[in-house]
Amino acid sequence: MLNIYMSSANGQLKEIEDIQNGCWINMVAPTEEEVHFVSERLQIPIDFFKDALDDEERSRIEKEDHNVLIIVDIPVITVDDIGQTFYETIPIGMIITDSCFITVCLQGNPIFEQFARNKVKGFYTFMKTRFAFQILYLTSTYYLRYLKQINRKTSEVEKELHQSMKNKEFFSLLSLEKSLVYFTTSLKSNNIVMERLLRLNYLKMYEEDQDLLQDVIIENKQAIEMTEVYLSILSGMMDAFASVISNNVNIVIKFLTAITIVISIPTLVASVYGMNVPIPFQNHHFAFYIPIFISLLMSSLTAYIFWKKRYF
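Numbers 0 to 311, taken from numbering that gives the first Met the number 0, label the letters of the sequence shown in order.
Set out below in structure tokens:
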């Protein structure tokens, strides 16, 4: 899909039909025809687009002639084969030319949608350097937002661990841990790209742009620290998970064993009094109630002892 946007002087964003100076070309899962059209029209190396559409591509920055390619990873929410929601990262490409700003991504994402809906303050398509930094800033913001969601989900799973004897919580924690590993790798790669942007003169920056980039780097480092803390906590929970389930199973088995012993006592007494041999009090008027009384007494005494030992 190929969409072309243009900002007016007062900040109004509108979609246009053809490529113009100062426009934003948004390419989401583009076809081969769309890629070749933009590449030939703006004289951009075709590898810039292919690299951005490679889901295994690492974050980096590259300059060729007057074209600058910035690839960073953004967070997205997805669902795995078993219906479990987890978070992963995908690369996006920002191609900055003398005339246009181009974004390339494998799939739709909320970051591009924020700009397409003109929800970002101070956004102009022709201010290409600031546009790139705004994308980076919004990316860091979404990392922090998803990290808070992961932390909430971890707390919910932690509450369920106290009573759990199933594998559902295990898979939930495993999915969250995998998401944090993706986040850690992507955030550190993004941070390298941002540091290079600050150090190299690939993009023309004004003082406000430098301040914005500094804010982006701070937000990204905060996201890295949060990810490492959450990953450490989650790893500890994963180690404790097996022990919790084993302990819960042992508690249930101990309870069932105690119940089995208590209810087996009346069976034992009844078996003794049911033998075809002379037994005490067999001719007594209350011969039927004597074994019942003995059974209740012994079962009650055993149950009391187990209760005092906290087997129940």
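The beta carbon of each residue, even a glycine, is placed where N, CA and C say it ideally should be.
- Query: How should Phe285 be labelled, buried or exposed, when 16 other C-beta atoms within 10 angstroms of its C-beta is the threshold for buried?
  - Reply: In the sequence shown, counting from the first residue as 1, residue 285 sits at position 286. Answer is exposed; the Cβ neighbour count stays below 16.
- Query: Taking the Cβ atom as the reference point for each residue, do Leu173 and Tyr142 lie within a distance shorter than 8 Å?
  - Reply: Position 174 of the sequence shown, counted from the first residue, corresponds to residue 173. Position 143 of the sequence shown, counted from the first residue, corresponds to residue 142. In this structure, Leu173 sits away from Tyr142, with a CB-CB distance that is not shorter than 8 Å.
- Message: Please report the straight-line C-alpha distance between Arg195 and Ile60, rounded to a whole angstrom.
- Response: Within the sequence shown, numbered from 1, the residue matching residue 195 stands at position 196. Within the sequence shown, numbered from 1, the residue matching residue 60 stands at position 61. It is roughly 8 Å from the alpha-carbon of Arg195 to the alpha-carbon of Ile60.
- Write down the C-beta distance between Leu315 and Phe132 rounded to the nearest angstrom, noting that I regard them as a contact closer than 8 Å. Lying before the first or after the last residue shown, residue 315 is absent from the chain, which here runs from 0 to 311.
- Message: For a test of the three-state rule: what should DSSP assign to Val180, helix, strand or coil?
- Response: Position 181 of the sequence shown holds residue 180. Annotated three-state conformation of Val180 is helix, per DSSP.
- Message: So, with DSSP's three-state summary, where would you put Asn219?
- Response: Here residue 219 refers to the residue found at position 220 of the sequence shown. Looking at Asn219 - three-state DSSP - the assignment turns out to be helix.
- Message: For the pair the region 42-55 and the region 72-91, tell me if three or more CB-CB distances fall below 8 Å.
- Response: Yes: at least three Cβ pairs fall under 8 Å.
- Message: In this structure, how does DSSP classify Glu16 when only helix, strand and coil are distinguished?
- Response: For the purposes of this step, residue 16 is identified with residue 17 of the sequence shown, where counting begins at 1. It is coil, neither helix nor strand.
- Message: Per DSSP, what are the beta-bridge partners of Val71 in this structure?
- Response: By one-based count along the sequence shown, residue 71 stands at place 72. Val71 is bridged by DSSP to Ile91.
- Task: Taking 8 Å as the cut-off, decide whether the C-beta atoms of Ile101 and Leu202 are in contact.
- Result: To locate residue 101, count along the sequence shown from 1; it is residue 102. To locate residue 202, count along the sequence shown from 1; it is residue 203. Not a contact, by the Cβ cut-off of 8 Å.
- In three-state terms, what does DSSP make of Lys308? Here the question's residue 308 lines up with position 309 in the sequence shown. Residue state, collapsed to three classes: coil.
- Mind checking whether Phe254 and Lys177 have CB atoms under 8 Å apart? Your numbering for residue 254 matches position 255 in the sequence shown. Your numbering for residue 177 matches position 178 in the sequence shown. No.
- Query: Quick one: what does DSSP say Asn190 is sitting in, helix, strand or coil?
  - Reply: Residue mapping note: residue 190 aligns to position 191 of the sequence shown, counting from 1. Helix.
- Item | C-beta atoms of Thr226 and Leu300 nearer than 8 Å | As a working mapping, residue 226 is identified with position 227 in the sequence shown. As a working mapping, residue 300 is identified with position 301 in the sequence shown. Thr226 places its beta carbon 8 Å or farther from that of Leu300.
- Same chain only: Cβ atoms within 7 Å of Pro265, ignoring 5 sequence neighbours per side: For the purposes of this step, residue 265 is taken as residue 266 along the sequence shown, with counting starting at 1. For Pro265, where only same-chain residues beyond five positions count, the Cβ hits under 7 Å are Ser294 and Ser298.
- Item | Backbone CA spacing between Asn117 and Asn246 [nearest angstrom] | Here residue 117 is taken as the residue at index 118 of the sequence shown, counted from 1. Here residue 246 is taken as the residue at index 247 of the sequence shown, counted from 1. Rounded to the nearest angstrom, the two C-alpha atoms are 54 Å apart.
- Query: Phe85 CB to nearest chain D CB: under 8 Å?
  - Reply: Among the protein chains of the structure shown there is no chain D, as only one such chain exists.
- Message: Between the alpha carbons of Leu233 and Ile149, how many angstroms are there, rounded?
- Response: On the sequence shown, position 234 is the one that residue 233 refers to. On the sequence shown, position 150 is the one that residue 149 refers to. About 10 Å.
- Task: Run through the region 219-271 for me and flag every whole beta strand (DSSP E) of 3 or more residues, listed as ranges in chain order.
- Result: Assignment of beta strand (DSSP E) within the region 219-271, counting only whole runs of 3 or more residues, yields no such run.
- Query: Run through DSSP, which three-state label would Tyr142 get?
  - Reply: Start at 1 with the first residue of the sequence shown, and residue 142 comes out as number 143. Note: Tyr142 maps to helix in three-state DSSP.
- Determine the direct distance from the alpha carbon of Tyr123 to that of Ile18, and round the result to whole angstroms. Numbered from its first residue, the sequence shown carries residue 18 at position 19. Numbered from its first residue, the sequence shown carries residue 123 at position 124. Ile18 and Tyr123 have their C-alpha atoms spaced approximately 16 Å apart.
- Item | Simplified DSSP assignment, three categories, for Glu206 | As a position in the sequence shown, residue 206 is number 207, starting the count at 1. Helix, per DSSP.
- Message: Taking only three categories from DSSP, how would you classify Lys118?
- Response: Position 119 of the sequence shown holds residue 118. In the structure shown, the three-state DSSP call for Lys118 is coil.
- Extent of the continuous beta strand (DSSP E) to which Leu1 belongs: In the sequence shown, residue 1 corresponds to position 2, counting from 1. First-last of the beta strand (DSSP E) with Leu1: Leu1 to Ser6.
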